[in-house]
Amino acid sequence: MAKQQIKSMWFCSNCGNESSKWVGRCPACGEWNTMVEEKMSAKASKSSTFVRTGKAKPMPISQVEATNEQRIHMPSEELNRVLGGGLVQGSLVLIGGEPGIGKSTLVLQNILSIRAKRILYVSGEESASQLKMRADRIGRLSDNCFIVCDTSLEGIMSHIESIEPEIVVIDSIQTIASDAIESSAGSVSQVRECAARLLNYAKTSGVPVLLIGHINKEGSIAGPKVLEHIVDAVLQFEGDRHYMYRILRSIKNRFGSTSELGIYEMVQRGLREVTNPSELLLSQNENTDLSGTAIGVTLEGVRPFLIETQALVSTAAYGTPQRSVTGFDSKRMNMLLAVLEKRVGFKLAQKDVFLNIAGGLKVNDPALDLSVICAILSSNVDMPIPRDVCMSGEVGLSGEIRPITRIEQRILEAEKLGFSTILVPKYNIKGFDTSRLKLKIVEVAKVEEAFRSLFA
């Protein structure tokens, strides 16, 4: 019997483009140093998993019948919000995050609470006893959830045929390997082949498939970029393991909005939903004589919540001033510091500036600009901001306070939490009836006006 010939192929880890030799820059996507080597059989057939069964017939778009997709309501309302209303039947959903952040716990405690569906949980990283210990810690057991520990794609498909599940969970996609590919599990070709086979199964059977994926050191999903193109939704589960809060973001969603956000709290018995994040993200310190703290009203999707912005400004102990940011864009903070120095006249070039968003969150809402500069100024002049005052507004390069979106929801959230005053951009509340509100609305057009209203 002739020995099977093995050859080397090079694949781009960013786009999946293949090459017969190594090149420094991928000719398809243009990224540098992304080509990785994989051993492949010379007689290995190319994957045909993207081809679905049945013949498709072209037809005008006006004749296509629009039907509402059927969704499976998940036990977690936060997960339903991020998914766009529930898990769509026949969809392929990828959940990524750092090791130990709680991806498996999030999925396991949801599927164990579903009593009316037959579920297959495929684990390639943990044993059945480890999963049983986690289920006991969560405090939920279900006879409808079947556990199997397997890393072979062909074996997984045979388990699916025998059990006929209504939901399939793969933990994780980087540990699954197909016998049709010679390379090892987690390689570009293996991840692409396994994801395509699972996509074909989901679309032809109508069974939703949840994939749990790893991330690389840059924070993106490990494996080829084509993996994110194959799936219907990409959810990022993020947070600092030193904090109790976890954030579930939607990076891609073909069945809903990508601006929604889910917040969880890590407790002893798993993940707990945070229905009102404002009360948890605000400091409960009753001492009002603390400078460098400002409360900003931010928005994630259609969900407003209040968050505490902390700043510390001190004289530079060394020659070069330090700029340290946690949870906020460092380039945007440098822009706001330049606005304070050029337009308002505060000399911060020779001072250290440290900025922190409380709770370990990462916020990119421009409406948080006003609370950032107010916290920096409060620390610089060592004058506290009253604890019953919050603010929301975008700061422009000329020092003006620009209008923001959904100002009514932000104001109502501040009133619900008992704040007495809110600073908003001028002319931003036209058409909004403020006579029913109990809190005072202060309209500001320039940064100087905001400072005078706070420290007059």
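Just so we're aligned: the sequence shown equals residues 802 to 1257 in this note's numbering.
The beta carbon of each residue, even a glycine, is placed where N, CA and C say it ideally should be.
Per DSSP, the bridge partner or partners of residue i
{"i": "Q1037", "result": "G897 and R1050"}
{"i": "F1256", "result": "Answer is none; F1256 lacks a bridge partner."}
{"i": "A1112", "result": "L1156"}
{"i": "K840", "result": "S809"}
{"i": "C995", "result": "DSSP, once it has assigned bridges, lists no residue as partnering C995."}
{"i": "R1203", "result": "E1195"}
{"i": "P1078", "result": "DSSP, once it has assigned bridges, lists no residue as partnering P1078."}
{"i": "E866", "result": "Note: E866 sits in no beta bridge, so no partner."}
{"i": "A1095", "result": "T1110"}
{"i": "C946", "result": "I920"}
{"i": "I1223", "result": "C1191 and I1242"}
{"i": "R1073", "result": "E1066"}
{"i": "V889", "result": "R872"}
{"i": "E1101", "result": "R1104"}
{"i": "R826", "result": "W833"}
{"i": "E819", "result": "F812"}
{"i": "I968", "result": "I920"}
{"i": "I1022", "result": "I1016"}
DSSP state of residue i mapped onto helix, strand, coil
{"i": "E1250", "result": "helix"}
{"i": "E962", "result": "helix"}
{"i": "E983", "result": "coil"}
{"i": "M1192", "result": "strand"}
{"i": "Y1002", "result": "helix"}
{"i": "I974", "result": "helix"}
{"i": "M1067", "result": "strand"}
{"i": "V883", "result": "helix"}
{"i": "V1145", "result": "helix"}
{"i": "E878", "result": "helix"}
{"i": "T1235", "result": "coil"}
{"i": "L1162", "result": "coil"}
{"i": "I957", "result": "helix"}
{"i": "S990", "result": "helix"}
Status (buried if at least 16 other CB within 10 Å, exposed otherwise) for residue i
{"i": "F1147", "result": "buried"}
{"i": "D1234", "result": "exposed"}
{"i": "A929", "result": "exposed"}
{"i": "V1075", "result": "buried"}
{"i": "V1190", "result": "buried"}
{"i": "A803", "result": "At A803 the pLDDT is 47, less than 50, meaning the model places this residue with poor confidence; the figure from the coordinates comes in the next sentence. Counting Cβ neighbours within 10 Å, A803 comes out exposed, since fewer than 16 surround it."}
{"i": "T906", "result": "buried"}
{"i": "N911", "result": "buried"}
{"i": "F1256", "result": "exposed"}
{"i": "V1103", "result": "exposed"}
{"i": "K904", "result": "buried"}
{"i": "T868", "result": "exposed"}
{"i": "V1245", "result": "buried"}
{"i": "Y1002", "result": "buried"}
{"i": "G825", "result": "exposed"}
{"i": "E1109", "result": "buried"}
{"i": "R1253", "result": "exposed"}
{"i": "M875", "result": "buried"}
Heavy atom of the ligand SAH within 7 Å of residue i beta-carbon
{"i": "I971", "result": "Looking at this structure, you won't find the ligand SAH or any other ligand, since it has none at all."}
Span of the alpha helix (DSSP H), counted from its first residue to its last, around residue i
{"i": "E1216", "result": "I1208 to K1217"}
{"i": "D937", "result": "A929 to I939"}
{"i": "A1176", "result": "D1170 to V1182"}
{"i": "I912", "result": "K904 to I912"}
{"i": "V1027", "result": "V1027 to I1031"}
Any C-beta of chain D under 8 Å from that of residue i
{"i": "E866", "result": "Absence of chain D from the displayed structure is noted, only one protein chain being present."}
Residues of its chain near residue i, where Cβ-Cβ distance is below 6 Å and the 5 sequence neighbours each way are ignored
{"i": "F851", "result": "At F851, the pLDDT of 47 sits below 50, so the modelled position is not reliable; the number obtained from the coordinates is stated separately. The residues are A997."}
{"i": "D1153", "result": "S1115, A1117, P1122 and Q1123"}
{"i": "R1144", "result": "G1200"}
{"i": "D1090", "result": "P1185"}
{"i": "I971", "result": "V923 and L1012"}
{"i": "V1032", "result": "L893 and L895"}
{"i": "L921", "result": "F947, I964, P966 and V969"}
{"i": "G1197", "result": "R1203"}
Residue i, enclosing beta strand (DSSP E) - first and last residue
{"i": "V1010", "result": "V1010 to G1014"}
{"i": "S1131", "result": "That residue, S1131, is in no beta strand (DSSP E); its alpha helix (DSSP H) goes S1131 to V1140."}
{"i": "L942", "result": "First-last for L942: undefined, no H or E at that position."}
{"i": "R1124", "result": "R1124 to T1127"}
Cβ-based neighbour list, residue i, same chain, cut-off 8 Å, excluding 5 preceding and 5 following
{"i": "K916", "result": "Reading the sequence as shown, one finds Arg at residue 916 and not Lys. These residues qualify, in order along the chain: S943 and N945."}
{"i": "M1192", "result": "A1095, I1096, G1097, V1098, L1171, S1172, C1175, I1223, L1224, V1225 and A1251"}
{"i": "S809", "result": "E838, E839, K840 and M841"}
{"i": "E879", "result": "L1049, G1063, I1064, Y1065, E1074 and V1075"}
{"i": "T976", "result": "G925, E926, T952, A986 and G987"}
Own chain partners of residue i with C-beta closer than 7 Å, once the 5 adjacent residues on each side are dropped
{"i": "C827", "result": "C813, N815, C816, N818, T835 and M836"}
{"i": "S973", "result": "G925, E926, I1013, G1014 and H1015"}
{"i": "N1229", "result": "P1204, I1205 and I1208"}
{"i": "L1113", "result": "G1093, F1155 and S1180"}
{"i": "Y794", "result": "Past the edges of the chain, shown from 802 to 1257, lies residue 794, and the structure says nothing about it."}
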